Amino acid sequence: MRLTCPAKLNRFLAVLGRRQDGFHELELVTTVLDQCLELQDVLEGETSDTFSLTLTGPTSTGLLADESNLVVKAWRLLEKEAGRTLNAHLKLEKRIPHGAGLGGGSSNAAQTLRLGNDLFELGLSQGRLLELAAELGSDVPLFVLGGTVLGLDRGERVFPLEPIPLEPLILVHPGLHVSTPGVYKALAQAGYPPVSPCPSLGRHGTPPWRNDLTQAAMFVCPELRNVQKAILDAGGDPLLCGSGSCWAGRFKSASDRDGALKHVQEKHPEWSVWAVG
Ligand code: C5P
């Protein structure tokens, strides 16, 4: 069995407050980027005598295939749910960079739940898969739904939205790793942004291009400003992806976008740049 694990783009991220449990109350509009083939991981699984996970692919360096891996955590949760050992060999080919705000690990976890459910015919409903996903991480349920998703609470309470077409975009990864807990923690030092929820969106309406984690992420990792500037210099409208380090740049037309992609690649050959939308 073989499943692809897409990346995601938070097109709107509002921080509405800090909760008693230390998490933050969010409002998110997120699109799963299932059209971008170069930005997908591939998860394969077959039944076996024991459980094992093998990691391959250009962005697997530094990742561990042990109990700390979200794929293994998702598998253990499925075993607990099934009440038995589920022996399988899993192979994960990584292309999505980690610590980039693109949701790679969360996407892997969601697809692991789906793969185990199908491979062992566990018969778990989508509702139950969403509950298990929420135990694994705030961003995992949105990948169970797919498409364009509204996320509330800590991001794990998800609702499907009508598709909102993506504008011509570039995604720029500067090769930096930014810690998500570190960015949330820095909100207090960088200053909480004014609380302002998403305006109601008409049918196919586009949410504001806004990420309330931007100042905190740049406080933690000042080099992020270089990527923001490169996108501005190329004529784009920059938006930090999640807690970083990737940025999206939005353009008026596909030809403007293609020109900008070339420009950024020439100026920064050490960065990875993808065209989306
Ligand atoms: O849920 P997840 O494990 O992905 O969250 C990682 C970390 O990000 C949390 O431990 C927390 O520090 C921070 N976080 C937060 N508020 C959220 C989501 C994540 O503070 N809504």
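According to the working numbering, the stretch in the sequence shown is residues 74 to 350, in order.
No residue lacks a Cβ here, since even glycine has one placed at the ideal position from N, Cα and C.
Only a predicted model underlies this, so the values are computations on that prediction, with no experimental measurement involved.
- If only complete runs of 4 or more residues are kept, the region 173-200 shows the alpha helix (DSSP H) at 177-192, in order along the chain.
- Only residues of its own chain outside the window of five on either side were considered, and among them Leu239, Glu240, Pro241 and Leu242 have a CB closer than 7 Å to the CB of Gly350, listed in chain order.
- When rounded, the separation of the alpha-carbon atoms in Glu235 and Arg84 is 14 Å.
- Note that the C-beta distance between Leu89 and Thr103 is not below 8 Å.
- DSSP places Glu339 in the uninterrupted alpha helix (DSSP H) bounded by Ala327 to Lys340.
- Remark: the C-beta of Thr253 is in contact range of the ligand C5P, defined as less than 7 Å to any heavy atom.
- Looking at Leu192, Phe124 and Cys109, the one whose alpha-carbon comes closest to that of Arg75 is Leu192.
- When beta bridges are read from the DSSP output, Arg91 appears opposite His97.
- In the displayed model, Ala289 falls within a helix according to three-state DSSP.
- Rounded to the nearest angstrom, the Cβ distance from Gly219 to Leu143 is 18 Å, too far for a contact under 8 Å.
- For the pair of segments examined, the region 253-271 was found not to touch the region 321-341: the number of CB pairs separated by less than 8 Å stays below three.
- In the three-state DSSP reduction, Glu117 falls in the strand class (E or B).
- In the DSSP assignment, Glu166 is bridged to Val115 and Thr129.
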